[in-house]
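Q: One structure, as structure tokens, below. Some questions next.
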Amino acid sequence: MRQSSLLPGGFETLEPFAEFWAADTAAKRAHCRDISNESSRQDFYDAAVRLIPLALEYLDTRPLAELGDSEQRLMRLVLSFGHVAMAVELQGSEEAEHAQWRPFMQITTTPADR
Amino acid sequence: MNELHQYQKPESAEALALGTDPVPAGPYYQDDYFALERESIFKRTWLNIGHVCELPEPGYFIVRELDFANASILVTRARDDVIRAFHNVCTHRGTQLVATDSGKRSTFTCPYHGWTFNNTGELRGAPDFERFYVEKQDCGLHEVSVEVCAGLIFVNLDPSPTQGLRDFLGPFVDQWEQLPVARATTYSEYVYEINANWKLTYDNFQENYHLRFIHARSGGGGAVGEENPFGYPIRYGFHGDHRTQEIWSNPSPVLSDTQKFAFGKLIPALMQKDALQHPFGRSYWATFPNLFMIGTPTQPFVHYVMPVSARKSRGVIRLYWVGEDTNASERFGREFSMTMARDVHSEDRRVIEAAQRGLNSGALEHIHLQSQEVLLRHLFTRVDEKVQAYKKALAGGAV
Ligand code: FES
Ligand SMILES: [Fe+2]
Numbered sequence: 393m394r395q396s397s398l399l400p401g402g403f404e405t406l407e408p409f410a411e412f413w414a415a416d417t418a419a420k421r422a423h424c425r426d427i428s429n430e431s432s433r434q435d436f437y438d439a440a441v442r443l444i445p446l447a448l449e450y451l452d453t454r455p456l457a458e459l460g461d462s463e464q465r466l467m468r469l470v471l472s473f474g475h476v477a478m479a480v481e482l483q484g485s486e487e488a489e490h491a492q493w494r495p496f497m498q499i500t501t502t503p504a505d506r
Numbered sequence: 164m165n166e167l168h169q170y171q172k173p174e175s176a177e178a179l180a181l182g183t184d185p186v187p188a189g190p191y192y193q194d195d196y197f198a199l200e201r202e203s204i205f206k207r208t209w210l211n212i213g214h215v216c217e218l219p220e221p222g223y224f225i226v227r228e229l230d231f232a233n234a235s236i237l238v239t240r241a242r243d244d245v246i247r248a249f250h251n252v253c254t255h256r257g258t259q260l261v262a263t264d265s266g267k268r269s270t271f272t273c274p275y276h277g278w279t280f281n282n283t284g285e286l287r288g289a290p291d292f293e294r295f296y297v298e299k300q301d302c303g304l305h306e307v308s309v310e311v312c313a314g315l316i317f318v319n320l321d322p323s324p325t326q327g328l329r330d331f332l333g334p335f336v337d338q339w340e341q342l343p344v345a346r347a348t349t350y351s352e353y354v355y356e357i358n359a360n361w362k363l364t365y366d367n368f369q370e371n372y373h374l375r376f377i378h379a380r381s382g383g384g385g386a387v388g389e390e391n392p393f394g395y396p397i398r399y400g401f402h403g404d405h406r407t408q409e410i411w412s413n414p415s416p417v418l419s420d421t422q423k424f425a426f427g428k429l430i431p432a433l434m435q436k437d438a439l440q441h442p443f444g445r446s447y448w449a450t451f452p453n454l455f456m457i458g459t460p461t462q463p464f465v466h467y468v469m470p471v472s473a474r475k476s477r478g479v480i481r482l483y484w485v486g487e488d489t490n491a492s493e494r495f496g497r498e499f500s501m502t503m504a505r506d507v508h509s510e511d512r513r514v515i516e517a518a519q520r521g522l523n524s525g526a527l528e529h530i531h532l533q534s535q536e537v538l539l540r541h542l543f544t545r546v547d548e549k550v551q552a553y554k555k556a557l558a559g560g561a562v
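Protein sequences, first through last, are from chains A and B.
Taken in order, the first sequence gives residues 393 to 506; the numbers are from my numbering.
Taken in order, the second sequence gives residues 164 to 562; the numbers are from my numbering.
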């Protein structure tokens with residue numbers, strides 16, 4: 393038997409990605425994108441792309457302040473997905489080059505961090 | 164076919180009045196020119212350094228460094244709700260009073276000998292003060308001029324500014340007060356350091372000529388398209404030292420799946436907060452000397468470029484939002500919007516530094532500006548006017 397689930401029911405297939413991608417601030421999520429490699433981004437993207445709308449629908453049913461641990465983790469994965477989508481859908485083969493320049497734009501604070 | 168694009172029209176009289184000659188390159192890298200800009204412009208102009216949402220109630224304070232003047236500015240909101248600004252300098256022997264960049268505290272105690280100041284600036288207490296040869300009321304923190312417009316906090320290092328903020332901003336005041344930024348309660352922020360002159364940095368954001376080359380992947384083609392391949396704006400405006408453009412909107416922008424999805428998640432929240440519909444959705448304000456604002460509701464950013472030296476600057480980019488994240492969708496939409504803008508801006512930063520490296524060599528005496536770079540020409544013209552006037556005053560012994 394599994395001890396406790398990392399993510400809410402229905403999102404189990406994203407569990408393998410939680411440890412790396414469910415970072416707790418926008419700056420850390422951007423950093424995950426910077427240090428990831430192409431195949432790990434693609435794997436996460438492929439696994440998540442169809443679940444993201446469902447995850448937001450699910451999370452939207454409750455106030456952000458009341459998210460439990462597994463829901464919080466799902467929220468963070470959704471936020472990280474946005475960063476990864478920029479790499480996968482737009483930067484494409486230029487992503488590795490682009491990643492050298494992005495960290496100079498240092499994220500200091502966002503509403504999601506507070 | 165719609166109306167003619169700017170690049171197909173004859174240039175306006177206002178634009179042509181600025182001339183067509185190349186612009187000297189020296190002012191974009193030389194130390195002596197920067198020293199004159201610092202004195203004639205930055206030390207006597209209103210500069211945006213923050214927003215009232217950082218001081219939501221009495222007791223809050225922020226500290227901002229103005230490197231070009233070696234100044235640190237403390238901004239407070241006291242019990243009377245008034246926002247004040249001071250040099251962050253203890254009036255005993257000059258120690259920097261507050262070492263953190265923000266917080267909540269109604270008194271400030273100097274770490275050196277314990278002088279304590281109220282957030283209204285008065286010296287409230289000082290150990291063994293009887294042994295000094297001065298009165299407490301003469302030891303208040305040194306005030307800096309501060310004013311607010313549309314929630315944006317501006318300071319002016321001139322002890323008696325020649326113009327109040329509202330006169331300085333002119334027609335922008337009414338427009339900005341209709342924008343969500345005037346009601347903003349929070350923001351997403353990223354900052355950067357750049358080895359580049361402040362004008363060269365700022366200029367990058369005043370022209371669309373580079374969009375198709377530098378932002379081919381990240382840019383989304385919102386402001387360029389088949390009909391308008393170089394992204395000419397619909398219109399330029401010149402307002403004293405400031406300028407505006409109305410950005411052209413591609414009727415069929417190429418957006419990625421997640422871009423479409425994320426904006427779809429953000430838009431209902433913007434609507435609910437009455438932050439989606441306003442008359443300035445494609446407006447762009449370039450406020451002298453170093454501030455930009457964009458009206459785009461989904462990416463409402465405010466950006467300033469603070470000079471550090473002739474060849475070094477610091478930028479602050481904020482997307483101001485109304486209200487905290489109300490739900491997961493809004494949170495996702497906001498973070499994605501910031502991520503997109505940051506991808507674009509990191510491409511800008513890289514190419515601006517490359518331009519600076521070239522200019523620093525002194526190989527060029529002049530730079531050439533085309534008609535779409537007229538806002539760059541306007542900035543240079545306005546800067547140089549002030550620099551030359553200051554130089555003349557210096558030579559005449561008036562400064
Ligand atoms: S320098 Fe501040 S108390 Fe002495
Ligand atoms: Fe750009």
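No residue lacks a Cβ here, since even glycine has one placed at the ideal position from N, Cα and C.
If the cut is a Cβ gap below 9 Å, which residues of chain B does residue 438(A) touch?
A: For this step, residue 438(A) is matched to residue 46 along the first sequence. Result: empty, since nearest Cβ-Cβ is about 13 Å, beyond 9 Å.
Q: Determine the extent of the alpha helix (DSSP H) in which residue 432(A) is found, giving its start and end residues.
A: Taking the first sequence and counting its residues from 1, the one referred to as residue 432(A) is at position 40. That run of the alpha helix (DSSP H) goes 430-440.
Q: Report the rounded CA-to-CA distance for residue 307(B) versus residue 490(B), giving the unit in angstroms.
A: One-based indexing of the second sequence puts residue 307(B) at position 144. One-based indexing of the second sequence puts residue 490(B) at position 327. Answer to the nearest angstrom: the Cα atoms are 40 Å apart.
Q: With distances taken from CA atoms, which of 528(B), 550(B), 514(B) and 506(B) is nearest residue 480(A)?
A: Counting from one through the first sequence, the residue named residue 480(A) turns up at place 88. Ranking 528(B), 550(B), 514(B) and 506(B) by Cα distance to residue 480(A) puts 506(B) first.
Q: List the residues that DSSP assigns as beta-bridge partners of residue 388(B).
A: For the purposes of this step, residue 388(B) is taken as the residue at position 225 of the second sequence. The partner list for residue 388(B) (beta bridge, DSSP) reads 391(B).
Q: Taking residue 478(B) and residue 458(B) to be in contact with their CB atoms under 8 Å, please state how far apart those CB atoms are, rounded to whole angstroms.
A: Counting from one through the second sequence, the residue named residue 478(B) turns up at place 315. Counting from one through the second sequence, the residue named residue 458(B) turns up at place 295. Actually they do not touch by this definition, with Cβ atoms about 20 Å apart.
Q: Compute the beta-carbon to beta-carbon distance between residue 410(B) and residue 316(B), rounded to the nearest angstrom, for a pair I have assumed lies under 8 Å.
A: Translated into positions along the second sequence, residue 410(B) becomes position 247. Translated into positions along the second sequence, residue 316(B) becomes position 153. Actually they do not touch by this definition, with Cβ atoms about 26 Å apart.
Q: Along the chain, where does the beta strand (DSSP E) that runs through residue 338(B) open and close?
A: Taking the second sequence and counting its residues from 1, the one referred to as residue 338(B) is at position 175. Note, residue 338(B): premise wrong, no beta strand (DSSP E); alpha helix (DSSP H) at 335-340.
Q: DSSP on residue 216(B), reduced to helix/strand/coil?
A: Working through the second sequence from its first residue, we reach residue 216(B) at position 53. Three-state result, residue 216(B): helix.
Q: Measuring straight from C-alpha to C-alpha, what distance separates residue 224(B) and residue 497(A)?
A: Taking the first residue of the second sequence as 1, we reach residue 224(B) at position 61. Taking the first residue of the first sequence as 1, we reach residue 497(A) at position 105. Taking the straight line joining both Cα atoms gives about 25 Å.
Q: Considering residue 456(B), what are the terminal residues of the beta strand (DSSP E) in which it resides?
A: Here residue 456(B) is taken as the residue at index 293 of the second sequence, counted from 1. Run containing residue 456(B): 454-457, per the beta strand (DSSP E) assignment.
Q: Across the region 172-184 of chain B and the region 202-216 of chain B, are there enough close Cβ pairs to call them in contact, namely three or more that are closer than 8 Å?
A: The region 172-184 of chain B is not in contact with the region 202-216 of chain B.
Q: CA-CA distance, residue 432(B) and residue 493(B)?
A: On the second sequence, position 269 is the one that residue 432(B) refers to. On the second sequence, position 330 is the one that residue 493(B) refers to. The straight-line gap from Cα to Cα measures roughly 6 Å.
Q: For residue 405(B), collect the residues of the same chain with a Cβ closer than 8 Å to its Cβ; drop the 5 residues on either side in sequence, then sort them by chain order.
A: Position 242 of the second sequence, counting from 1, holds the residue named residue 405(B). These residues qualify, in order along the chain: 332, 333, 335, 448, 449, 450 and 451.
Q: Where does residue 429(B) land, buried or exposed, given buried means 16+ other C-beta within 10 angstroms?
A: On the second sequence, position 266 is the one that residue 429(B) refers to. That one is buried.
Q: What is the rounded straight-line gap between the Cα of residue 395(B) and the Cα of residue 371(B)?
A: Walking along the second sequence from the start, residue 395(B) turns up at place 232. Walking along the second sequence from the start, residue 371(B) turns up at place 208. About 7 Å.
Q: How long is the line joining the alpha carbons of residue 236(B) and residue 249(B), rounded to whole angstroms?
A: Start at 1 with the first residue of the second sequence, and residue 236(B) comes out as number 73. Start at 1 with the first residue of the second sequence, and residue 249(B) comes out as number 86. So the two alpha carbons sit approximately 6 Å from each other.
Q: Contact criterion: CB-CB distance below 7 Å. Does residue 223(B) meet it with respect to chain A?
A: Reading the second sequence from its first residue, position 60 is the one you call residue 223(B). So no, residue 223(B) is outside the interface.
Q: From the beta carbon of residue 272(B), is the nearest beta carbon of chain A less than 7 Å away?
A: What you label residue 272(B) is simply residue 109 of the second sequence in a count that begins at 1. Taking Cβ atoms only, chain A never reaches closer than 7 Å to residue 272(B), which makes this a no.
Q: Residue 515(B) to residue 521(B), Cα distance in whole Å?
A: Along the second sequence, read from residue 1 onward, the residue named residue 515(B) stands at position 352. Along the second sequence, read from residue 1 onward, the residue named residue 521(B) stands at position 358. The alpha-carbon atoms of residue 515(B) and residue 521(B) are separated by roughly 10 Å.
Q: Quick one: does residue 393(A) have its CB under 7 Å from some CB of chain B?
A: The residue labelled residue 393(A) in the question sits at position 1 within the first sequence. With a pLDDT of only 41 at residue 393(A), under the threshold of 50, the placement of this residue in the model should not be trusted; the figure read from the coordinates follows. Answer no: the Cβ-Cβ gap between residue 393(A) and chain B never drops below 7 Å.
Q: Note down, in chain order, all residues in the region 405-425 of chain A with a beta-carbon under 9 Å from any beta-carbon belonging to chain B.
A: Answer in chain order: 418, 419, 421, 422 and 425.
Q: Helix, strand or coil: which one does DSSP assign to residue 317(B)?
A: Position 154 of the second sequence, counted from the first residue, corresponds to residue 317(B). Residue state, collapsed to three classes: strand.
Q: When you check each C-beta in the region 503-518 of chain B against every C-beta of chain A, which residues fall closer than 8 Å?
A: Cβ contacts with chain A come from 503, 505, 506, 508, 509, 510, 512 and 513.
Q: In the DSSP assignment, the alpha helix (DSSP H) including residue 412(A) goes from what residue to what residue?
A: For the purposes of this step, residue 412(A) is identified with residue 20 of the first sequence, where counting begins at 1. Where residue 412(A) is concerned, the enclosing alpha helix (DSSP H) stretches over 407-413.
Q: Give the secondary structure of residue 469(B) by DSSP, where H, G and I count as helix, E and B as strand, and everything else as coil.
A: Walking along the second sequence from the start, residue 469(B) turns up at place 306. Here residue 469(B) sits in strand by DSSP.
Q: Cβ atoms of residue 241(B) and residue 221(B): under 7 Å apart, would you say?
A: For the purposes of this step, residue 221(B) is identified with residue 58 of the second sequence, where counting begins at 1. For the purposes of this step, residue 241(B) is identified with residue 78 of the second sequence, where counting begins at 1. Yes, the pair counts as a contact, with Cβ atoms nearer than the cut-off.
Q: Identify every residue that forms a DSSP beta bridge with residue 530(B).
A: Mapped onto the second sequence, residue 530(B) falls at position 367. 186(B), per the DSSP bridge assignment.
Q: Check the Cβ of residue 428(B) against every Cβ in chain A and list those closer than 8 Å, keeping chain order.
A: Within the second sequence, residue 428(B) is the residue found at index 265, counting from 1. Simply 448.
Q: Shorter than 7 Å from the beta carbon of residue 490(B) to some beta carbon of chain A?
A: Sequence index remark: in the second sequence, residue 490(B) carries index 327 (1-based). By this cut-off, residue 490(B) is an interface position.
Q: In this structure, how does DSSP classify residue 499(A) when only helix, strand and coil are distinguished?
A: Residue numbering aside, residue 499(A) sits at position 107 when the first sequence is read from its first letter. Looking at residue 499(A) - three-state DSSP - the assignment turns out to be strand.
Q: For the alpha helix (DSSP H) that residue 519(B) lies in, which residues bound it at each end?
A: Residue mapping note: residue 519(B) aligns to position 356 of the second sequence, counting from 1. Its alpha helix (DSSP H) spans residues 491-523.
Q: Roughly how many angstroms lie between the CA atoms of residue 509(B) and residue 518(B), to the nearest whole one?
A: Numbered from 1 along the second sequence, position 346 holds the residue referred to as residue 509(B). Numbered from 1 along the second sequence, position 355 holds the residue referred to as residue 518(B). One C-alpha to the other measures close to 15 Å.
Q: CA-CA distance, residue 431(A) and residue 499(B)?
A: As a first step, residue 431(A) must be located in the first sequence, where it is residue number 39. As a first step, residue 499(B) must be located in the second sequence, where it is residue number 336. Taking the straight line joining both Cα atoms gives about 22 Å.
Q: Less than 7 Å between the beta carbons of residue 192(B) and residue 474(B), yes or no?
A: In the second sequence, residue 192(B) corresponds to position 29, counting from 1. In the second sequence, residue 474(B) corresponds to position 311, counting from 1. Cβ atoms of residue 192(B) and residue 474(B): closer than 7 Å.
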